[in-house]
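Asker: Let me give you the structure first, and then I'll get to my questions.
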Amino acid sequence: MQGEDRFRSTHHGSILDSERGNSPIIIMKSDFLVSLADNMATQLGPDVLRTLRFAASDEWRETLEQSVFSWKGDDPGKWKGFDRFWRDEGHYDASIIVDGALSKYVVETTVPTPIAAGNFAAALEFAIGNPIRVGVETQSQHTAFLSIQVKDRILGDTPPPPKVDNYTPVGILTPLYIDGLEFEKEGGIRRLGQNYCVVPIRLFDHWELASTSLAKTAYNHDKTTWEISLCTAVSTAFVESGELVFIENEESWEQVSSLYFSRWGFGKIHHIQASEDSLIFAVKSDANPCIVAGLLMGCVHRTTGKKIYPEWEIMDDNTSVKFDMTQ
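All residue numbers for the sequence shown refer to my numbering, where the first residue is 74 and numbers rise by one.
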């Protein structure tokens, strides 16, 4: 499906993906996602990249069960519709390499290689109908080789469940339009010479679930180590992106909401309460509250030069994020 037809925007700043049963996604700069993953690894250790691969596989399994794809066999070059879907996710290529009796695969991507490896493993498992064991050899930041061992157990002869909408939007949906964003003819998303990718919001839920053994220590105010780490990683990725944020008054935050939230699928800032001592936001978003808090933390850092950790909670279906400006 063409990107222009695949995505829809909601009135509260979400982007829905029809290939995922209208599940919400974020259109994210590929370098932003790489930075986010690297920062999570810095905070929680390199194993968090391994769990990211597992999460990427789980999310694609869920996606493919909802899709109309009918891929068969072990050669991705013969899977109808695979190239476009693969490249819209932020990847370049995936191909089979036959060396005698041994078959390997090479994946090239603009996003973290664990995501590419996880996505492809799920696609191959879906196409051959058997569970597989995957070995990954990372060659560079954007290339990895996969060795595959097919297990004996059959996944099942029953057809996948019918494609259903698992998200019920409220209000009018409009075709996605982002100034300068281009969907390439053969797949892939670019804007102003930079690569972008589709990031399902539920990927972060799968990632957290796969990482429970890495980040299970409670933090203050009922925040987990995972939530604090993800908030910090999102904030750091935003600061490293070099985006400029100029705030003169409360109305300036409306532009921030448009440029950095609703445009990309992070949600919409509905209310701002500013004083000398505090800055409080009410944000409507499908994303995890710690992601919303992290993006706002990055915006506050860019405009004030201060790294202020916020407090957040769910209030009246909104994410409330509060910054103590006396720090």
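No residue lacks a Cβ here, since even glycine has one placed at the ideal position from N, Cα and C.
Check Met388 in the structure and name its three-state DSSP category.
Answerer: strand
Asker: What residue does the alpha helix (DSSP H) around Gln212 start on, and which one ends it?
Answerer: Looking at the DSSP string, Gln212 is not in any alpha helix (DSSP H); the run it does join, the beta strand (DSSP E), is 205-213.
Asker: To the nearest angstrom, report how far apart Val271 and Met101 are at their CA atoms.
Answerer: If you draw a straight line from the Cα of Val271 to the Cα of Met101, it is about 6 angstroms long.
Asker: So within the stretch 123-200, which uninterrupted beta strand (DSSP E) runs reach at least 3 residues, ignoring any that extend past its ends?
Answerer: 164-172, 175-182
Asker: Compute the beta-carbon to beta-carbon distance between Gly253 and Ile98, rounded to the nearest angstrom, for a pair I have assumed lies under 8 angstroms.
Answerer: With 8 angstroms as the limit, Gly253 and Ile98 do not qualify as a contact, their Cβ atoms being about 19 angstroms apart.
Asker: Work out the CA separation of Ser393 and Asp90 for me, nearest whole Å.
Answerer: 26 angstroms
Asker: Are the beta-carbon atoms belonging to Asp359 and Ile262 less than 8 angstroms from one another?
Answerer: no
Asker: Could you pull out every residue in the same chain whose Cβ sits closer than 6 angstroms to the Cβ of Thr309, ignoring the five residues on either side in sequence?
Answerer: The residues are Asn112.
Asker: Give every residue of the same chain whose Cβ lies closer than 6 angstroms to the Cβ of Arg264, excluding the five residues on either side of it in the sequence, and list them in chain order.
Answerer: Gly253, Leu254
Asker: Does DSSP classify Ile221 as helix, strand or coil?
Answerer: The answer is strand: DSSP assigns Ile221 an E or B state.
Asker: Since Lys102 sits in a beta bridge, which residues does DSSP pair it with?
Answerer: Tyr269
Asker: Find the nearest neighbour of Val365 within the set Asp350, Thr285, Val329, Ser96, judged by alpha-carbon distance.
Answerer: It is Val329.
Asker: My parser needs the alpha helix (DSSP H) runs of 4 or more residues fully inside the stretch 307-331; what are they?
Answerer: 325-329
Asker: For Glu135, count neighbouring C-beta atoms within 10 Å of its own C-beta (all shown protein chains included) and say buried if the count is 16 or more, exposed if not.
Answerer: buried
Asker: Which stretch, first to last residue, makes up the alpha helix (DSSP H) that contains Glu281?
Answerer: 274-283
Asker: Pull up the CB-CB distance for Glu313 and Cys363, whole angstroms please, since I reckon it's below 8 angstroms.
Answerer: Not a contact, Cβ separation roughly 18 angstroms.
Asker: Once the 5 residues before and after Asp148 are set aside, which same chain residues still bring their CB inside 8 angstroms of it?
Answerer: Excluding residues within five positions, the ones whose Cβ falls inside 8 angstroms are Ile169.
Asker: Please confirm if the stretch 149-156 is in contact with the stretch 201-216, defined as three or more CB-CB distances below 8 angstroms between the two stretches.
Answerer: Because the criterion of three Cβ pairs below 8 angstroms is not met, the stretch 149-156 and the stretch 201-216 do not touch.
Asker: For Glu257, does the three-state DSSP call read helix, strand or coil?
Answerer: coil
Asker: Is the stretch 117-127 touching the stretch 181-188, taking contact as three or more C-beta pairs under 8 angstroms?
Answerer: yes
Asker: Could you check if Asp172 is buried or exposed, using at least 16 other CB atoms within 10 Å of its CB as the buried criterion?
Answerer: exposed
Asker: Quick one: grab the DSSP three-state call for Leu352.
Answerer: strand
Asker: Does Phe319 pass the burial test, meaning 16 or more other C-beta atoms within 10 Å, or should it be called exposed?
Answerer: exposed
Asker: How big is the Cα-Cα spacing for Ala195 and Glu162?
Answerer: 14 angstroms
Asker: How many Å lie between Ser348 and Gly76 at the Cα?
Answerer: 42 angstroms
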